[in-house]
Amino acid sequence: MKVLVLIVCAFIFTDAASVPKWRQKRSMKFSHWPIASGKNWFPDDGTGGTGDGSYPGGLPGGDGSYPGGLPGGDGSYPGGLPGDGGGGWFPGATTTPAPISCEDVGGYCLYEANCNAEPGPQYVCETEGLVCCLPPVLPDSKCGVTKEVSTRIVHGSEAEHNRWPWQASLQTPSDFHFCGGSLIHEQWVVTAAHCLDGSEMKVVLGEHDRSIAQGPEVTVGVIKQILHEGYSEGAPYPNDIALLKLETPVQLTDEIRTACIPSAGESFTTEDNCWISGWGDTKDTGDETKLHELKKTITDNPTCANKWGAEYIIDTHICVGNGDKGACNGDSGGPLSCQKDKWYLAGATSWGYNGCQTEGYPNVYTRVSEYRDWITHNIRTN
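Under mature numbering (1 follows the signal peptide of the UniProt record, and there is no 0), read the sequence shown as residues -16 to -1, 1 to 366, first letter to last.
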């Protein structure tokens, strides 16, 4: 199957009315990642398990080859690896995770009334009556600050230099840009799960014009790729989100900053000031080596589901626009940035209609507010 993911992915289907059409992969031909191959994409081999291989997309059930070497099938990892069932912590989870001590994630066991930081009920304190009190991993003091955005991607405008300082370019070692991403922490980038296949890659930050070096660019390698455990390649492409751990933390500057992660459950509406950005296909309307931006209006999920079909739009999606202008091949994984008091990463580009200019079909993004707990948990434990 080939797919076209919103900025870097393509969806190719025979029935034009039945399913989402585009998503992008890192190859020039936009071939989608064959997740069912059983290949051990990451370096750490895991211990064997007893699963039946029934995980969406065909992850191997018991050979321990899941990214990062997680046990193959004992059901102990959050996110729904096949096993004995239970309730996980995060969207898409169907299994109960193994206990993790508060100390192991840098927390302190205190009485809840004395905890002035974030409580972490999923982390274990040995003393009954105490809660795990966690320092924030995503402090709000530095995030979401950028230049003022004027009111003015397909049919988008070239962005002002460093307008979106959290914008990342995901590239192969040979400098081929295949997806976008967003810096959310000095050492972590959010992107789309469909962008990743475990191959060597790098992240470029502070970029504007990919054809020349202009000074503020920083290139850093990736030491860990974490796909959401509930991601599936089949429509509606649930849990299309991933984290990249950079080789070294980057220094935050005026040109390189982090986007804020919205609170769990936070919503964005048509009243919010929202923009998309990326180096994707412009359909000959602009220079694709330069970062483009486009102001977009949030489309509520019921309206979006009415356009695409109810089976394709789920609670962890956020939709924008009506498909006449928007993201395209090469934009996948990149940011939907919305302004409240600061700029928040409301969405990660996921999918849209093949051709990128089909009026009546909104672009679909992964709703990042639904994954805040998943993001913070993985940053703490990795």
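Note that beta-carbon positions come from the ideal geometry of N, C-alpha and C, so glycine has one too.
On the DSSP bridge list, what partners appear for residue i?
i    : result
R318 : According to the sequence shown, residue 318 is Gly rather than Arg. None, per the DSSP bridge assignment.
Q151 : S166
N313 : DSSP output for N313 lists no bridge partner at all.
H301 : T350
P103 : C117
C244 : Y328
Out of curiosity, what's the CA-to-CA distance linking residue i and residue j?
i    : j    : result
V89  : A101 : 14 Å
Q106 : C303 : 31 Å
G182 : D265 : 24 Å
H361 : L180 : 20 Å
T273 : W263 : 6 Å
L65  : H276 : At L65, the pLDDT of 31 sits below 50, so the modelled position is not reliable and the matter cannot be decided from this model.
E184 : P157 : 7 Å
Q209 : D284 : 31 Å
V348 : E255 : 18 Å
L211 : C99  : 31 Å
S261 : D308 : 16 Å
E87  : P286 : 43 Å
C340 : L278 : 14 Å
E191 : R356 : 26 Å
Y215 : S166 : 19 Å
N257 : L118 : 32 Å
C288 : H178 : 21 Å
A97  : C109 : 15 Å
I363 : H301 : 22 Å
E250 : C322 : 12 Å
L320 : D159 : 24 Å
Taking 8 Å as the threshold (C-beta atoms), are residue j and residue i in contact?
i    : j    : result
L122 : I245 : yes
N306 : G344 : yes
T350 : G336 : no
H161 : R194 : yes
S334 : Y221 : yes
G164 : G310 : no
P149 : E239 : yes
T342 : R241 : no
W259 : K291 : no
K326 : C127 : yes
V202 : L189 : yes
D224 : A294 : no
Q171 : P233 : yes
A197 : Y296 : no
Let's test the definition: count the other Cβ atoms within 10 Å of the Cβ of residue i and tell me whether it reaches 16, buried, or not, exposed.
i    : result
N146 : buried
N366 : exposed
T111 : exposed
E217 : buried
A243 : buried
Q151 : buried
T253 : exposed
Y328 : buried
G67  : Bear in mind that a pLDDT of 30 at G67, under 50, signals an unreliable position, so the model cannot answer this.
E213 : buried
Y95  : exposed
S85  : exposed
P346 : buried
G91  : buried
T237 : exposed
Less than 8 Å between the CB atoms is what I'm expecting for residue i and residue j, so what's the real figure, rounded?
i    : j    : result
V174 : L227 : 6 Å
S247 : S353 : 7 Å
P103 : C116 : 7 Å
V204 : K186 : 7 Å
Using a beta-carbon distance below 8 Å, is residue i in contact with chain B?
i    : result
I297 : Among the chains of the structure shown, chain B does not appear; only one protein chain is present.
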